[in-house]
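**Q**
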Amino acid sequence: MVDLSPLRDAIIDGNAKMAKALTDQALKEGTDPQSIVTTYLIPAMDEVGRRFECNEYFVPELLIAARAMKGSMELIRPLLVKGGVQPIATVAIGTVKGDLHDIGKNLVASMLEGGGFTVVDLGVDVAPEKFVASVQEKGVNIICLSALLTTTMPAMKDTIAALNSAGLRGKVKVMIGGAPVIQRYSDEIGADGYSDNASSAVQLARKLAAAA
Amino acid sequence: MPRVRLLPQDESFEAPAGAALGDLLFSHGVEQPCGGRGRCRGCRVQVVAGALAPGDDDRASFSAVELAQGWRLGCRARVDADLTVALGRWSSPVLADDTPLVLEPRDGLGIAIDLGSTTLVAQLVDRANGQVLGVRTALNPQARRGADIMTRIDHAMHGGAAELTALVRAELGRLVGELLAAHPGTPRLVTVAGNSVMHHLFAGVDLAPLSTPPYEPEQSGEVALDGGALGWPGCAGCPVVALPCLGGFVGGDILAGLLATGMGQDPRPSALIDLGTNGEIAVSDGTRMVCASTAAGPAFEGAAISCGMRAATGAVSTVRVDGDGLAVTVLGGGAARGVCGSGLIDACAAARRLGWLAGTGRIKREDRLIPLAPGVALTQGDVRQVQLAKGAVAAGFDLLLRRLGLRAQDLGRVWLAGAFGNAIDRASAHAVGLLPLPPERVTPAGNTALLGARLALSHDDHAYAALRARCTHIALKQDEAFEDAYLEGMAFP
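Here the protein sequences line up with chains R and Y, keeping their order.
Going by this note's numbering, the first sequence opens with residue 1325, and the numbers climb by one from there.
Going by this note's numbering, the second sequence opens with residue 52, and the numbers climb by one from there.
1) For residue 510 of chain Y, which residues of its own chain have a beta-carbon under 8 Å away from its beta-carbon, when the five flanking residues on both sides are left out?
2) Please state whether the Cβ-Cβ distance between residue 357 of chain Y and residue 335 of chain Y is less than 8 Å.
3) Which same chain residues end up closer than 6 Å to residue 397 of chain Y when comparing Cβ atoms and leaving out the 5 residues on each side of it in sequence?
4) When you compare only the Cα positions, how much space is there between residue 500 of chain Y and residue 183 of chain Y?
5) Could you give the uninterrupted runs of the beta strand (DSSP E) lying entirely in the stretch 1346 to 1412 of chain R, keeping only those of 3 residues or more?
6) Would you tell me roughly how many angstroms separate the C-alpha atoms of residue 1484 of chain R and residue 238 of chain Y, rounded to the nearest one?
7) Taking C-beta pairs closer than 7 Å, name the residues in chain R that residue 438 of chain Y reaches, listed in chain order.
8) Quick one: is residue 1506 of chain R buried, meaning 16 or more other Cβ sit within 10 Å of its Cβ, or exposed?
9) Are residue 503 of chain Y and residue 308 of chain Y touching if we call contact CB-CB under 8 Å?
10) Is residue 1385 of chain R close to chain Y, meaning its C-beta is less than 8 Å from at least one C-beta of that chain?
11) So does the stretch 331 to 349 of chain Y actually touch the stretch 285 to 302 of chain Y, counting three or more Cβ pairs closer than 8 Å?
12) Report the three-state DSSP secondary structure of residue 117 of chain Y (helix, strand or coil).
13) Quick one, which of Y:259, Y:64 and Y:157 has its alpha-carbon nearest residue 506 of chain Y's?
14) What first and last residue would you give for the beta strand (DSSP E) that runs through residue 184 of chain Y?
15) If contact means a Cβ-Cβ distance below 8 Å, which residues of the stretch 194 to 214 of chain Y contact chain R?
16) I need the straight-line Cα distance from residue 150 of chain Y to residue 135 of chain Y, nearest angstrom please.
17) Any idea what DSSP makes of residue 142 of chain Y, helix, strand or coil?
18) Could you compute how far the alpha carbon of residue 3 of chain Y sits from the alpha carbon of residue 455 of chain Y?
19) Just reading off the beta strand (DSSP E) that residue 358 of chain Y is part of, what are its end residues?
20) Does any residue of chain Y have a CB that is nearer than 8 Å to the CB of residue 1446 of chain R?
21) List the residues of chain R that residue 264 of chain Y touches, going by C-beta distances under 7 Å, in chain order.
22) For residue 413 of chain Y and chain R, any beta-carbon pair shorter than 8 Å?
23) Could you check the C-alpha separation between residue 101 of chain Y and residue 462 of chain Y for me, to the nearest Å?
24) Residue 1473 of chain R: which of R:1501, R:1344, R:1528 and R:1455 sits nearest, CA to CA?
25) Evaluate contact between the stretch 1432 to 1451 of chain R and the stretch 1404 to 1418 of chain R, counting only Cβ atoms and requiring at least three cross-stretch pairs below 8 Å.
26) Have a look at the DSSP bridge pairing and note the partners of residue 1518 of chain R.
27) Check for me: the alpha helix (DSSP H) holding residue 370 of chain Y runs from which residue to which?
28) Less than 8 Å between the CB atoms is what I'm expecting for residue 264 of chain Y and residue 1424 of chain R, so what's the real figure, rounded?
29) Listing by chain order, which chain R residues have their CB less than 9 Å from the CB of residue 541 of chain Y?
30) Just to confirm the assignment, what range does the alpha helix (DSSP H) spanning residue 1489 of chain R have?
31) Output yes or no for whether 8 Å exceeds the beta carbon distance between residue 53 of chain Y and residue 128 of chain Y.
32) Tell me, please, whether the CB atom of residue 1473 of chain R is closer than 8 Å to any CB atom in chain Y?
33) Listing by chain order, which chain R residues have their CB less than 7 Å from the CB of residue 435 of chain Y?
34) Does residue 329 of chain Y come out as helix, strand or coil in the three-state DSSP assignment?
35) Could you work out which residue in Y:451, Y:494, Y:472 and Y:387 is closest to residue 464 of chain Y when comparing CA atoms only?
36) For the stretch 1334 to 1346 of chain R and the stretch 1389 to 1404 of chain R, state whether three or more C-beta atom pairs, one from each stretch, are separated by less than 8 Å.
Given below as structure tokens:
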């Protein structure tokens, strides 16, 4: 396989144009799409996450890198689907009912996608029933709930309750996040995990996927 | 100890000899728009009894005639002996000398109320000439049910709405009673300016629409109550009008700000920004107006910052580059205990100039700190909080300008409302990218909610209704360009 480390660097630097061009070229040259993901995209996003955790990167750099990665993924995804490649897990993510904030949610979605997950983005102001339906219809293994307001946090609890009454709670892992959310709240409402940033959310999702 | 007496509210208190008059005035509700730097005359006082020797700053700020009339800068004066002063800001009915607003003389007394989430201010006004006859301030008693508006909404939505309404109505009634006891008379009109949540809670309007998407108040119109029905002493039959909200979280306080700054009459493009936990912004192109609120978070108030604190004694309030290091001033002059919002913005601007801070916000110093004073330093996380807060404001401003097809440089003037807006160094705010305009085009406007409420006392009843109809509320969250603008706004220029 040709050396695609420039692709890795382009994503870390957030150079979407370059990342897309390099991906396109590699695919045309017959590079295995799955190996592009595992050898370059995921390590690149891991490096971006590492830089975020050690405070070298902040939200803008993270988002710009995630966009570059998404550009690559758009070229690769159809080929993966065609080839029947299985993702680590399928994640449904959404901002809970009553809440319209989506920047943090989008960031986590991008980081998860860059981390090798299939991501179903349910958007904002997502009712508990919609999360339930995603498990029934899309084979979702992990649900990510985001809330940015203290007034909308209770909708996380409602969503878990809805999963319970649908008899699906045992089938999915639930992780939560958002500015006012803390670990204690996660414990209180019976979520499987909490993360306070997009980078550690990927690690948490990997842990939950491995335990599933 | 010297005794200080303040007019027109006729409050007296003792002060330690040599105390800074500015600090004493501040705790009695007098703002220092320039942050006590002796530049803006916002805290000017007129010596009625006793003496204050004029200093260099006084001579630079006042004419010989004004000096002879006893005008001094409150922030520059020290109290050495008994003193009676009249507060200058409250004698002038309009904000700036060139504000094209004319007061329409009306009969009788009026009461203007600034209904803040934290502080309540009530002024008794002679409607014939706009003169303030008395002032009373108090803390908003709702604060015991949560400091910020989201906690208040939460409390209200869990059965506490009636309690919050009763608390604030009773406390305002007490202030009104005190004002009328000192200056007996029958008020003809009371105007109340507050943010959307304060408006709803005061007027007894359901907060549910503000707690769920799309966060649009159901009833944003003007609400008129009867002073007698409120149980306010001396107010039977007197209408108590809550100024209408502009939409979403942009409340009657911003409508009051539009009145106070004369933006509605100004044919040039201009803007008003109230910086707080919610940054509220209104922009006018001379004809059309748009407004929005943007979630800045509590960083500007010193919260969510490791060494953050309110603007009180011990707070680092200004920071500037001094050689290859930083020089700070501390409120009260003692040892630094933390940093308040104005110091925070200054520190980021100064650190950027020194090359300690990258454009991305990363601290480049090896210790990963911006040290301000012994025991007080900004961490990387603190700088990140500033970036989030200022990014939200800059993005909101940017999108509103775009709606009107304006660029920042098209604005003739930007008015800064609220306590933080008044304390902030405008050059620093520009340097960190919080405000897109250089300081000479940014004017601290003081408590525009109170000023606007006072103007509304003498205004044609429909003047602010017309102003409100002209101003369109924009929900930034639904604007697809918000995310990009937010990202861009987080960087340091």
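Backbone N, C-alpha and C define an ideal beta-carbon position, used for all residues, glycine too.
In this text the structure is predicted, and so the values were computed from the model without any measurement.
**A** Let's see:
1) So the qualifying residues of the chain are 155 and 310.
2) No, these two residues do not count as a Cβ contact at 8 Å.
3) So the list reads 369, 370, 476 and 479, once near-sequence residues are dropped.
4) Between the C-alpha atoms of residue 500 of chain Y and residue 183 of chain Y there is a straight-line separation of about 15 Å.
5) None, since the stretch 1346 to 1412 of chain R contains no complete beta strand (DSSP E) of that length.
6) Here the alpha carbon of residue 1484 of chain R sits roughly 55 Å from the alpha carbon of residue 238 of chain Y.
7) One finds 1382 in chain R with Cβ atoms closer than 7 Å to the Cβ of residue 438 of chain Y, taken in chain order.
8) Exposed, because fewer than 16 other Cβ atoms sit within 10 Å of the Cβ of residue 1506 of chain R.
9) Closer than 8 Å, so yes.
10) Yes, because at least one Cβ of chain Y sits closer than 8 Å to the Cβ of residue 1385 of chain R.
11) The answer is yes - the stretch 285 to 302 of chain Y touches the stretch 331 to 349 of chain Y, with three or more Cβ pairs under 8 Å.
12) Helix, per DSSP.
13) In terms of CA proximity to residue 506 of chain Y, Y:157 leads the group Y:259, Y:64 and Y:157.
14) First-last of the beta strand (DSSP E) with residue 184 of chain Y: 182 to 190.
15) From the stretch 194 to 214 of chain Y, only 201, 202, 204, 205 and 208 have a Cβ closer than 8 Å to chain R.
16) Unreliable placement is indicated for residue 150 of chain Y, whose pLDDT of 41 sits below 50; the coordinate value is still reported in the next sentence. Taking the straight line joining both Cα atoms gives about 30 Å.
17) Residue placement at residue 142 of chain Y cannot be trusted, given a pLDDT of 45 that sits under 50; what the coordinates show is reported in the next sentence. For residue 142 of chain Y, the secondary structure class from DSSP, reduced to helix, strand or coil, is helix.
18) The first residue shown for chain Y is 52 and the last is 544, placing residue 3 of chain Y beyond what the model contains.
19) Element bounds for residue 358 of chain Y: n/a, residue is neither H nor E.
20) Residue-level contact by beta carbon fails for residue 1446 of chain R and chain Y, as no gap is shorter than 8 Å.
21) Chain-ordered, the chain R residues with CB closer than 7 Å to the CB of residue 264 of chain Y read 1422, 1424 and 1449.
22) Residue 413 of chain Y counts as touching chain R.
23) Our two residues, residue 101 of chain Y and residue 462 of chain Y, have alpha carbons roughly 44 Å apart in a direct line.
24) It is R:1501 whose Cα lies nearest to the Cα of residue 1473 of chain R.
25) Flag = yes, the stretch 1432 to 1451 of chain R and the stretch 1404 to 1418 of chain R touch.
26) In the DSSP output, where bridge partners are listed per residue, residue 1518 of chain R has R:1500.
27) Careful: residue 370 of chain Y lies outside any alpha helix (DSSP H), inside the beta strand (DSSP E) at 366 to 373.
28) Between residue 1424 of chain R and residue 264 of chain Y the Cβ distance is about 5 Å, and since that is below 8 Å, they are a contact.
29) Correct list: 1382, 1383 and 1384.
30) Segment 1478 to 1489, the alpha helix (DSSP H) holding residue 1489 of chain R.
31) The Cβ atoms of residue 53 of chain Y and residue 128 of chain Y do not sit closer than 8 Å to each other.
32) Yes - at least one Cβ of chain Y is within 8 Å of the one on residue 1473 of chain R.
33) By Cβ distance, chain R contributes 1382.
34) In the structure shown, residue 329 of chain Y sits in a strand (DSSP, three-state: E or B).
35) Closest in C-alpha terms to residue 464 of chain Y, from the list Y:451, Y:494, Y:472 and Y:387, comes Y:494.
36) As far as the Cβ criterion goes, the stretch 1334 to 1346 of chain R touches the stretch 1389 to 1404 of chain R, which means the pair count is three or higher.
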